[in-house]
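Enquirer:
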Amino acid sequence: MKRLDNEVRVLLLDGLGGPMTRRGFLKRAGAAGLLVGASGFLAACGGSESSSTTAAGGGGEISEELFFYNWSDYIDEETLPNFETEYGTKVVYDNYSSNDDLLAKLQSGASGYDIIVPTDYMITTMLGLDLIQEIDLDNIPNVANLYPRFREAPFDPGNKYSIPWQWGTTGIGYNSVKVPDFRPSWDMLWDEKYSGKITMMSEIRDVFAVALFRLGYDPNTRDAAQIEEAKQMLIEQKPLLKHYSSSTYIDELASEDSYLSHGWSGDVFQAQLDNEDVMYAVPEEGSLTWVDSMCIPKGAPHKYTAEVFMDYVCRPEVAAAISNYVFYASPNEAAEEFILPEILEDPQIYPAQETMDKLSFLEELGTDTELYNQAYQELRAS
Amino acid sequence: MSAASKTALGRRKPRDQRVKEKGLRAYVAFVYAFLFAPIVVLVLFSFNDSKRNATWQGFTLKWYRALFNDQPVLDSLWLTLRVAVIATVIATLIGALAAYALTRYKFRGSSVYNGAIYVPLVIPEIVFAVALLSGFNVAGFNLTIRTVIIAHVAFMVSFVIVVVKARMAGFDKTLEEAAMDLGANEVQTFVYVTLPFMVPGILAGALLAFVLSFDDFVITFFNSGVGNTTLPLKVYSMVKFGVTPEINAISVFMLLISILMLAASYKLQGAPPTVTIDAPTKD
Amino acid sequence: MSKTPANRGAEGGTSSAIFEKHGDPLSRAMARLRGHSFAVANLLMAPTMLWLVLFLMLPLGVILVYSFGSRGTYGDVILGFSFDNYLRAFNPTWLPVILRSFGFAALATVFTLVLGYPLAYFIAVYGGRRKNMYLIMVMLPFWTSYLIRTYSWIVILRSQGVINTVLQSMHIIDNPLDLLNTPFSVVLGLTYGFLPFMTLPLYSSLEKLDKSLIEASWDLGANRVWTLLRVTIPLSMPGVIAGTLLTFIPAVGDFVTPDLLGGPNTMMIGNLIQQQFLSARDWAYGSALSFSLMAILLLGIFFYVRKAGTENLA
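Right under this line is the structure:
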């Protein structure tokens, strides 16, 4: 089956001339890619002051294949096919649904992927475990299109290892009809009126972040006493909970089995599609913001092509297309002019500046993570 | 008088027996209902006009249309079936042989083997998955469909062995001796006496093994290579953003195929009649 | 005199010995082997054992080594030699989790037995020509995605789900029953998921029951209960043992069911172990937990099979 694919591709590009060796094919594919890319760019940007460029420097050849490992349902339908056409590369697209699964797999020695998309704190972990490699920004000139805060993110200042994909916030999904007295505060998750209709996520750090914010502490605290306090607060909450789950709360909000759910922004919109009473809010005590970024694992077979792909994703139109489909916020500033107004103006997706100021990233805490692990297990076992 | 109301010896079944048999049938019907209850819901929701499997939003056929245009999902189903069939065949083969060895022979070291059989059963899946992956990594194996099949056989074989052993317990060795006394050679004895006896156990073990492979996520996730997406991998990866009813549609599709195959084999086979002693009835 | 069966008897000796001397080459070879049952048995066991040693025992050895190590800064394993992880594993905080896991698994095993035994009995004894069809019908629901089946159970059990809607519309209850995210739903999920694991071994064992044996027992005057207790069940004991093992053990380590169908207080040991390898990234501790659990289970199996076992099962 694989040979057939190759043959089809050869046929498609055969127009560029006669018999070819493999190297000849690649060269022609690369040249064709650049030509097509350049003309595509010229056509697309019209007269606008576009900051989109095609990847030129760095050196390397575009490979025949690219192995892309991403979250499920996190890309629109055109991006990959367009990339494939433009560069003649076949993208093999696999999915996962948890950072931890991804890490465990890489840690155990699995390799083969060119691009993975871990969440912010996971990048620090992967760096610490020497699982990802530096990227060559010369091949990614479009990185200039990103918002400044994603160029100097705490977990990867200077984008040495990651290029952001999408970002979002954590907050509360709530049913506006069943919870008429809703205030954007974490207190709502401790409201006894709604006992049995409240859910929390099951991510260790996310869960503790909620309590820490409510107590006015830093969600990345290393202070054992503060963590203990947070744990006690969470133990008090336990009887009110339906359960801890990071995936079923979307269904539960939609089916009204839950009125108040701790959740991620984009997920709550999924629930909204089925139940228009569902809304999302970022609590005023502060909350987490997260960003999923593309990285290149060590041992990636097609590093250069991966970087070209990252650059491709940083084009404003491409970045916008992705956001317009998945309904998360794009880290790409230049993409703003292409993003649907209803997304751009939705404070649930693009929070107002005052809210943004109260958002923090989760940080990897190294050995101090043990404090949280232990506390979480005691919480769940209590 | 109908055949059902006669015993194997041709006598008429006493009334309380028939009543209790009806009771058994009713209970069994209830158990089947329990088994198929979520399947009914599953089929229903394959027509759900929503991206999620949560609330009923209306009737639509779009998921079936989507399914037949969705090459990756169909590919993953095909891959899953291939892996499951190959792994089941291997596991059933080596497992049946092992079960035969363990029950038919008393030999030194059999208790060690017997103990070893239970190890795959008691290991938590994540441990097995991670251990095997680390093992592959150390040995320098690339992750491919082969590693998936190897992993599956490794955890399936114990199930097959336990099931076949249960079948073989109490197997009358003298049957084999009798066959040989009557002139059969070793091979004939095995094929015509022992093997038929084992078959229901082997079938039961194979059915169980197939399901284990078909539905496996954890071990497959960690031991599959790029592009080896089985159906469970595809489904579980959707959990974060919503498992669409397209997966229901593919499940319905699988069910239909299985039922069709079942019906076909039932018709084609015309299964051999069981031996009944038809004593003439006097009443 | 030619070697016809009738003549053979006249020569005396066991059939194997006869074949060793006078049979065709294949039978001669096999008969010679059969005399050496040790060799044959090992030969038959070889593929399985090879597979298990290479792809199970050796990799497990790596994990065993980890269990004596400790957690590195970012979740890697620092090799060492300490029993700390094992001491932590036996921390009394986990007692509720362990008891709960064993409890849920035991309940599920009992329920699968109650549901599965009559089912297996029916198929084996009354199935007739349709035996295989009935058997496959038992497996059919499981040729779908596990996740979807569980979601379907959620649809059935939740507060506006099938059960509650039906019961409420029939005015049997006024307020919806709290069926989901409870110990009940977890045990239900386990029972459902493991029903084939109980039924198939039971069937495997029951199928060799001669139906006429049972009826002979009835004809001879025994009532049904007596026959069940003294004839059927003892004959099917290997199946019961196999079924309970194949249900209880995986159920103890199950983590998906309590995750999806469970509440805040239904965490099972499978969840705990899974967390160590994934979110807590403490493989050393997770390994110790796993091996502790495995040791307990293996010990349990040993005594269980010994005590309840028929001679051929252990």
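Going line by line, the protein sequences match chains Y, L and X. The first sequence begins at 1 in the working numbering and counts up one residue at a time. The second sequence begins at 1 in the working numbering and counts up one residue at a time. The third sequence begins at 1 in the working numbering and counts up one residue at a time. All C-beta atoms in this analysis are idealised placements derived from N, C-alpha and C, irrespective of residue type, glycine included. The model shown is predicted, which means the values in this text are computed figures rather than measured ones.
Considering just the uninterrupted stretch of the alpha helix (DSSP H) at Y:K231, what are its terminal residues?
Expert: A224 to Q237
Enquirer: Under three-state DSSP, which class holds Y:N332?
Expert: strand
Enquirer: Tell me whether X:L278 sits in a helix, a strand or coil according to DSSP, three-state version.
Expert: coil
Enquirer: Looking only at its own chain, which residues have a Cβ that is under 7 Å from the Cβ of X:I249, when we skip the five neighbours before and after it?
Expert: L297
Enquirer: Quick one: grab the DSSP three-state call for L:T144.
Expert: coil
Enquirer: What would DSSP say about Y:R315, mapped onto helix, strand or coil?
Expert: coil
Enquirer: Per DSSP, Y:V92 forms a beta bridge with which residues?
Expert: Y:F67
Enquirer: Quick one, which residues of the segment 80 to 105 of chain Y are near chain X if we go by CB-CB under 9 Å, in chain order?
Expert: Using a CB distance below 9 Å, the part of the segment 80 to 105 of chain Y facing chain X consists of S98, N99, D100, D101, L103 and A104, ordered along the chain.
Enquirer: Pick helix, strand or coil for L:F59, following the three-state DSSP scheme.
Expert: strand
Enquirer: Is X:L56 near L:A131, with beta carbons less than 9 Å apart?
Expert: yes
Enquirer: Would X:P196 and L:V211 be called neighbours here (beta carbons separated by less than 9 Å)?
Expert: A contact, by the Cβ cut-off of 9 Å.
Enquirer: Kindly indicate the opening and closing residues of the alpha helix (DSSP H) around Y:A281.
Expert: Taken as a continuous stretch (DSSP letters only), Y:A281 belongs to no alpha helix (DSSP H), being part of the beta strand (DSSP E) at V278 to A281.
Enquirer: Would you say Y:D251 faces chain X, with C-beta separation under 9 Å as the test?
Expert: yes
Enquirer: Assuming X:L135 contacts L:L207 (C-beta within less than 8 Å), just tell me the rounded distance between them.
Expert: Taking C-beta atoms under 8 Å as the contact rule, X:L135 and L:L207 qualify, at a distance of about 7 Å.
Enquirer: With a floor of 4 residues, list each alpha helix (DSSP H) that falls wholly inside the segment 245 to 298 of chain X, ordered by position along the chain.
Expert: 256 to 261 and 269 to 277
Enquirer: Nearest CA to the CA of L:R167: which residue from L:S237, L:T144, L:R82 and L:T194?
Expert: L:T194
Enquirer: Per the contact definition of three or more C-beta pairs closer than 8 Å, is the segment 238 to 251 of chain L in contact with the segment 145 to 162 of chain X?
Expert: Verdict: yes, contact present.
Enquirer: Mark L:G23 as exposed unless 16 or more other C-beta atoms lie within 10 angstroms of its C-beta, in which case mark it buried.
Expert: exposed
Enquirer: I believe Y:E256 touches Y:K178 by the beta-carbon criterion, under 8 Å. Please report the beta-carbon distance rounded to the nearest angstrom.
Expert: 7 Å
Enquirer: Can you grab the Cα-Cα spacing for the pair L:I86 / L:A26, in whole Å?
Expert: 38 Å
Enquirer: State the start and end residues of the unbroken alpha helix (DSSP H) segment that holds X:S205.
Expert: P183 to L206
Enquirer: Could you check what DSSP says for Y:N373 in three-state terms: helix, strand or coil?
Expert: helix
Enquirer: Which chain X residues sit within Cβ distance under 9 Å of L:A87?
Expert: L:A87 does not reach chain X, its nearest Cβ partner there being about 11 Å away, counting only Cβ pairs nearer than 9 Å.
Enquirer: For X:G253, go through chain Y and note every residue whose CB falls closer than 7 Å to its CB, in chain order.
Expert: Under the 7 Å cutoff, chain Y gives no residues; its nearest Cβ is about 17 Å from X:G253.
Enquirer: For the segment 255 to 266 of chain X against the segment 171 to 186 of chain Y, do three or more pairs of beta-carbon atoms, one drawn from each stretch, fall closer than 8 Å, so that the two count as touching?
Expert: no
Enquirer: Mind pulling the chain Y residues with CB within less than 7 Å of X:S217?
Expert: Here the premise fails: no neighbours, minimum Cβ distance about 51 Å.
Enquirer: Taking the alpha-carbon positions, what's the Y:S265 to Y:Y147 distance?
Expert: 20 Å
Enquirer: So what does DSSP say about Y:G168, is it helix, strand or coil?
Expert: Assignment of Y:G168 by DSSP, reduced to helix, strand and coil, places it in the strand class.
Enquirer: What first and last residue would you give for the alpha helix (DSSP H) that runs through X:N65?
Expert: In the sequence under discussion, the amino acid at residue 65 of chain X is Val, which differs from the Asn named in the question. Element bounds for X:V65: L58 to S67.
Enquirer: Count the C-beta pairs between the segment 200 to 215 of chain X and the segment 78 to 94 of chain X that are closer than 8 Å, then say yes if the count reaches three, no if not.
Expert: no
Enquirer: Might you give, ordered along the chain, the residues of its own chain that have their beta carbon closer than 7 Å to the beta carbon of Y:T125, omitting 5 neighbours on each side?
Expert: L103 and E364
Enquirer: By DSSP's criteria, Y:L359 is part of a beta bridge. Which residues make up the other side?
Expert: Y:S287
Enquirer: Would you report the Cα separation of Y:G131 and L:F59, rounded to the nearest angstrom?
Expert: Here residue 131 of chain Y is Leu; the residue named in the question, Gly, does not match the sequence. Distance between the alpha carbons of Y:L131 and L:F59: 47 Å.
Enquirer: For a test of the three-state rule: what should DSSP assign to Y:Y259, helix, strand or coil?
Expert: coil
Enquirer: Looking only at C-alpha atoms, which of X:Y74, X:I98 and X:F184 sits nearest to Y:E370?
Expert: The closest CA to that of Y:E370, considering only X:Y74, X:I98 and X:F184, is found on X:Y74.
Enquirer: Could you check if Y:Y376 is buried or exposed, using at least 16 other CB atoms within 10 Å of its CB as the buried criterion?
Expert: buried
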